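*Asks:* Have a look at this one.
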Amino acid sequence: MVKIIATDMDGTLLDSKKRLPKDFGYVLEKLDEKNVRFIVASGRQYYNLRKQFEGYNQDLIYISENGSMIFDKGEIVYLSEISAEKLIKPVEIARRIKGASIILCGEKSAYTENRGEFFTKHADMYYERLEVVDDVLDIVREGNDRICKIALFHDENSEKYLSKEFSEVEDEFLISVSGELWMDFMNIGVNKGTAIERIQEAYDITYDETMAFGDYLNDYEMMQSCKYSYAMANAHPKLKEISNYQAKSNDEDGVMEVIKEYFEI
Numbered sequence: 002m003v004k005i006i007a008t009d010m011d012g013t014l015l016d017s018k019k020r021l022p023k024d025f026g027y028v029l030e031k032l033d034e035k036n037v038r039f040i041v042a043s044g045r046q047y048y049n050l051r052k053q054f055e056g057y058n059q060d061l062i063y064i065s066e067n068g069s070m071i072f073d074k075g076e077i078v079y080l081s082e083i084s085a086e087k088l089i090k091p092v093e094i095a096r097r098i099k100g101a102s103i104i105l106c107g108e109k110s111a112y113t114e115n116r117g118e119f120f121t122k123h124a125d126m127y128y129e130r131l132e133v134v135d136d137v138l139d140i141v142r143e144g145n146d147r148i149c150k151i152a153l154f155h156d157e158n159s160e161k162y163l164s165k166e167f168s169e170v171e172d173e174f175l176i177s178v179s180g181e182l183w184m185d186f187m188n189i190g191v192n193k194g195t196a197i198e199r200i201q202e203a204y205d206i207t208y209d210e211t212m213a214f215g216d217y218l219n220d221y222e223m224m225q226s227c228k229y230s231y232a233m234a235n236a237h238p239k240l241k242e243i244s245n246y247q248a249k250s251n252d253e254d255g256v257m258e259v260i261k262e263y264f265e266i
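Counting in my numbering, the sequence shown tops out at residue 266, every number present.
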């Protein structure tokens, strides 16, 4: 029997208009009655996720910043800090790429140098706390926050224009394409999958007792962390290849349909 359910947000649990399923609250209550923990696993910032789920069961576990931070019952239980020295090179490379914008993601807030309207419109969807600064590296030089992820935004396509630019640092980071316009850099070994494994270990839950849903390449390792791995109908082809099952699309409430059928809700 499944004891934990993890789901990505954008393109998975949320529909194309960024809305939660209408029956989400009801399903969450029924899962709580069955002692099933619900995990939100996203590349988004924790403060953004918390706002999204305001008013719902606060027993949720949050995996934020693609596995770089884990929050359980409102408390941070894991953070993978990137050293100040490691941050310098990818930031310098990104600054040279036309159309690229940098966000350093920290425990307290996120930081960017870009004030552009197009970038801000996209960043505001994922970051509740985002400070515009003159130099993002000053944050770590001055020790003002613990940075756990570098998020790069490209105003046309991240996979096409960013993927080949970071060969100098590819041995130092796990680099993940997390969306059409986004690419993330985490410490080696940090991803949604290893975050799920930490939670499995903490609660003595097995691979066979875990269910997960995803749609993009930053969900790849999460799909490998559980028996009940569901790629959405709208998922990246590579994710469908390694997932054990497929759910209907995010616009067809695929996540809710699978959960209701499995648990007979």
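Using N, Cα and C, we set each Cβ at its ideal position, and we do this for glycine too. Owing to the predicted nature of the structure, the values given are computational and were not obtained by experimental measurement.
Of all the options E86, K241, I5, which has the alpha carbon lying nearest to the alpha carbon of F174?
*Replies:* Counted from its first residue, the sequence shown places residue 174 at position 173. The shortest Cα separation from F174 among E86, K241, I5 belongs to E86.
*Asks:* Of all Cβ atoms in chain D, is any one closer than 8 Å to the Cβ of A152?
*Replies:* Protein chain content of the structure displayed is limited to a single chain, and chain D is not contained in it.
*Asks:* Under the DSSP definition of a beta bridge, which residues are partnered with N49?
*Replies:* In the sequence shown, residue 49 corresponds to position 48, counting from 1. DSSP lists no partner for N49.
*Asks:* Just tell me which of Y208, M126, E132 has its CA closest to the CA of S230.
*Replies:* Within the sequence shown, numbered from 1, the residue matching residue 230 stands at position 229. Answer by Cα proximity: Y208.
*Asks:* For the beta strand (DSSP E) containing G107, list its first residue and its last residue.
*Replies:* For the purposes of this step, residue 107 is taken as the residue at position 106 of the sequence shown. Taken as a continuous stretch (DSSP letters only), the beta strand (DSSP E) holding G107 covers 101-107.
*Asks:* Among I71, A236, S244, L88, which has the Cα closest to the Cα of R45?
*Replies:* Here the question's residue 45 lines up with position 44 in the sequence shown. Comparing Cα-Cα distances from R45 to each of I71, A236, S244, L88, the minimum goes to I71.
*Asks:* Do D4 and R38 have their CB atoms nearer than 8 Å?
*Replies:* Against the sequence shown, residue 4 aligns to sequence position 3. Against the sequence shown, residue 38 aligns to sequence position 37. Per the sequence presented here, residue 4 reads as Lys, with Asp not at that position. For K4 and R38, yes; Cβs fall inside 8 Å.
*Asks:* What does the alpha-carbon distance come out to for the pair V178 and N219?
*Replies:* Mapped onto the sequence shown, residue 178 falls at position 177. Mapped onto the sequence shown, residue 219 falls at position 218. Their backbone Cα atoms lie some 6 Å apart in a straight line.
*Asks:* Less than 8 Å between the beta carbons of D252 and S17, yes or no?
*Replies:* The count along the sequence shown starts at 1 and reaches residue 252 at position 251. The count along the sequence shown starts at 1 and reaches residue 17 at position 16. In this structure, S17 lies closer than 8 Å to D252 by Cβ.
*Asks:* Express the C-alpha separation of G144 and D156 in angstroms, rounding to a whole number.
*Replies:* Counted from its first residue, the sequence shown places residue 156 at position 155. Counted from its first residue, the sequence shown places residue 144 at position 143. Roughly 30 Å separates the two Cα atoms.
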